[in-house]
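Chemist: Using the working numbering, read the sequence shown as starting at 27 and increasing by one per residue. A virtual CB, placed ideally from N, CA and C, is assigned to each residue, including glycine.
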Amino acid sequence: MKNDKPVECVGCNTLDVGSILDNSDLKATFDKAYPTRAEAEAALAKLTQKARDTETEPCQIQSEISATEGGFRLTADFTFSCQAECVIFQLGTRAV
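#1: Using a C-beta cutoff of 8 angstroms, does LEU100 count as contacting chain C?
#2: Are the Cβ atoms of PHE98 and ARG120 separated by less than 8 angstroms?
#3: Pick helix, strand or coil for LEU100, following the three-state DSSP scheme.
#4: Going by other Cβ atoms of all chains shown within 10 Å of its Cβ, with 16 needed for buried, is ASP79 buried or exposed?
#5: Starting from ASP79, follow the alpha helix (DSSP H) in both directions and report where the run begins and ends.
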């Protein structure tokens, strides 16, 4: 039964507004241009390792490195078994 009124705990200063992770978003998409193919391949290797370090069940990875004007574009989809893993992975990919 869904309660439309949030549950508040004054003692611990929290407010339960419901779950924000409903397991509906399992895919993280990465798309970035690099000056060289070697840099794009190195980035894919780092991302793949991050996915493997995060996964509890095998993450499905689909990737492509394509030549573009002035460089190479890495596009990759990482599909995890649960949304929490997807979020953890996304938080760790900001610097890649």
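Modeler: In terms of the structure at hand:
#1: Given the protein chain composition of this structure (a single chain), no chain C is represented.
#2: no
#3: LEU100: strand per DSSP, three-state reduction.
#4: exposed
#5: 63-80
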